[in-house]
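Mapping of the sequence shown onto the working numbering: residues 18 to 500, in sequence order.
We treat Cβ as the ideally placed atom computed from N, Cα and C, and that holds for glycine.
Below: the structure, in structure tokens.
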Amino acid sequence: MNLRIRHRSSSQMKNLYFALSGTAISIFGWMITLGAASRYISSTELGVCYLVFVLSAVGLALTSIGGRSAVISLAEDHRFQGKLTMDQPPVTVKAVTVALLVLAIGLLIWGHDMIMPGTVFGELKWVILLVILMEMVTGSGLSTFAGLGRFRTAGVLHGLKGIFSVAASLLVLVMGFGFEGFLWSLVFTGVCMTILVWYSIPVRFSFSFELPTMRQVTSASSMLYLAYLVSILSVKSAEGMIVVLSGAAALAVYGNALLLPTLLIRMFEAVRPFILDTPGDMARSGQYISMRTTSAVIAVMAGLLMVFAHPLTLMIFGETYLPCVPITRLLCFWVVLSLVNYFLVIYSIDTGQIRKVLGVNGLGFAVAITGNWFLIPEFGVTGAALALTLTSFLTILISLLILSSGRVLSVSGLVVSFYKSILPLFALCAALQATAPGLNHSMLYWVLFVLSMLGLKAVPVQDFKSAVRTMRYGMDTGSHAAG
């Protein structure tokens, strides 16, 4: 196979470093924030916080109408010259939907007794509504930078958000302001970030628009928007059903367990536009270098998180949340499955099968709801992680069948690209779950896991050589430009 090296300029490599650094600071800041909250507020109050974050995430997804096509356009265009701009109609739609959603969520919180009777959710409903509003507005602004190709600015802002979050939350928690103070610290962080984010966007927005243009934009992105929304609901349905079936305290356990795997997701999202070849080009040429390398690297990192799940949980959240450990390990395996599913979805969209993607996501949503309904009462919070993993596995199988039936890709090539990473990781997860070894034996398991990946040649040596040459080219370009 002829390896195609996609060269990166010095500025693009700097953008990558800024994106990674900012994401890392944001993630670790968020971990410290929630770790402190886990020690200073009750599990029920922490569960309410996670429910607020779920509402914010779903609300942010609901406001993305008219802008989801930018994600695929970004994946298809690696020149990053600011060609993707935020048009007036998407901004108008986003503003209107944010306002309507805040109103709807406010009404939902007002009737909190029907959803979460006897909790502090209703006593602080207006503060909670402010948190949701700030999260949605800030998130909308940060996502705009991706469409504009401003990764360096986005990295700096993500880092600042992590710093503000840690400083404000630690201050109020240590001073004894409790749950209400913690919520107000989130509002403070949101206000500061909203000002910084929207001041930094190099686009002047106008809410004037023509109705035909609005219809054209929403029509062009409606199927992709719905597919994305259903996908988000499939993942977030677990949190909502945990609250309904087991209570807010159980959601605190699940939320903390999901935090470490989220590290992998966020890091992948930060580098995704830089490491992936053009999906359609890869589909036609049959090259799986980026997929193979990325899945292997994420699998190795997921294996490390599985091994260190116990000490990390103890250090970050405290002994009270040690039940998170087996759930964290299972969710680390799910992250790698979701990465595989992401590649397949991108391929399907690129080949004009967006309706089938929507159908697969709809089926996945139904499976997730059904799985959560039966597994959570039986296995507790672990049941939600099981349902999420099974849903991802099912959607992968169906996506493979769709791509195979359309003769878009060789299924054997895709399977070979992934199973050499997934199967050893599954074996590691099963061994850790079944034996619950100490740290030394866990590290031995991880070494065996890495050796098995090397034995299966999950990532050929030439893939790493290609990556090194690409990185070196970017650095050399910067040196020559400076000279």
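CB of residue i within 9 Å of CB of residue j, strictly
i, j, result
"Leu322", "Leu280", "yes"
"Val317", "Met470", "yes"
"Gly64", "Gly272", "yes"
"Ile218", "Gly158", "yes"
"Tyr57", "Phe162", "no"
"Ala444", "Thr345", "no"
"Ile393", "Leu241", "no"
"Gly264", "Thr399", "no"
"Tyr67", "Leu203", "no"
"Phe350", "Ala319", "yes"
"Ser59", "Phe196", "yes"
"Gly257", "Phe35", "no"
"Thr406", "Leu361", "no"
"Val270", "Tyr338", "yes"
"Ser160", "Leu37", "no"
"Thr40", "Glu336", "no"
"Val247", "Leu375", "yes"
"Ala266", "Ala404", "no"
Neighbourhood of residue i by C-beta distance below 8 Å, restricted to the same chain and skipping five residues each side
i, result
"Ser73", "Val148, Ile149, Glu152, Met153 and Gly156"
"Ile44", "Gly179, Thr279, Leu280, Arg283 and Met284"
"Leu380", "Leu411, Thr412 and Ile415"
"Val75", "Ile249, Leu250 and Lys253"
Backbone secondary structure at residue i - three-state DSSP
i, result
"Phe181", "helix"
"Ile44", "helix"
"Gly472", "helix"
"Gln450", "helix"
"Ile58", "coil"
"Met323", "helix"
"Arg169", "helix"
"Gly264", "coil"
"Leu339", "coil"
"Gly369", "coil"
"Phe443", "helix"
"Glu140", "coil"
"Gly400", "helix"
"Ile218", "coil"
"Phe334", "coil"
"Thr211", "helix"
"Met192", "coil"
"Thr279", "helix"
"Thr412", "helix"
"Thr345", "helix"
"Thr80", "coil"
"Gly455", "coil"
Nearest neighbour of residue i, chosen from the options [CA to CA]
i, options, result
"Phe382", "Lys474, Thr412 and Phe168", "Thr412"
"Leu465", "Pro454, Gly455, Pro441 and Val353", "Pro441"
"Leu348", "Met332, Phe435, Ala447 and Val261", "Ala447"
"Leu414", "Tyr359, Thr368 and Gly76", "Tyr359"
"Asn389", "Val260, Gln450 and Ile371", "Val260"
"Ile315", "Leu146, Leu277 and Leu339", "Leu277"
"Leu468", "Ser438, Leu243 and Pro454", "Ser438"
"Val71", "Val204, Ser186, Ala266 and Val252", "Val252"
"Leu243", "Asn378, Val214, Ala451 and Leu417", "Asn378"
"Ala453", "Pro340, Met192, Leu146 and Leu407", "Pro340"
"Trp201", "Ile212, Val214, Leu187 and Leu213", "Leu187"
"Leu420", "Met332, Leu473, Val353 and Ile366", "Ile366"
"Val189", "Ala54, Phe168 and Leu403", "Ala54"
"Val214", "Arg167, Gly397, Ile333 and Leu418", "Arg167"
"Gly472", "Trp143, Ala313 and Ile145", "Ala313"
"Gly455", "Val324, Thr311 and Lys142", "Val324"
"Ile145", "Thr211, Val69 and Leu174", "Val69"
Environment of residue i [buried if 16+ CB atoms lie within 10 Å]
i, result
"Tyr245", "buried"
"Trp463", "buried"
"Glu395", "exposed"
"Ala401", "buried"
"Asn457", "exposed"
"Arg372", "exposed"
"Ile363", "buried"
"Phe391", "exposed"
"Thr387", "exposed"
"Ile333", "buried"
"Ala185", "buried"
Sequence-distant residues of its chain with Cβ nearer than 6 Å to residue i (five each side left out)
i, result
"Phe181", "Thr206 and Cys209"
"Ala326", "Val342, Thr345 and Arg346"
"Ile42", "Gly176 and Gly179"
"Val183", "Gly46, Ile49 and Thr50"
Chain-order list of residues whose beta-carbon lies under 7 Å from that of residue i (same chain, five-residue window excluded)
i, result
"Ala329", "It should be noted that the sequence gives Leu, not Ala, for residue 329. Answer for Leu329: Leu277, listed in chain order."
"Thr408", "Ser251, Gly381, Val384, Ala385 and Gly388"
"Leu141", "Glu197 and Leu200"
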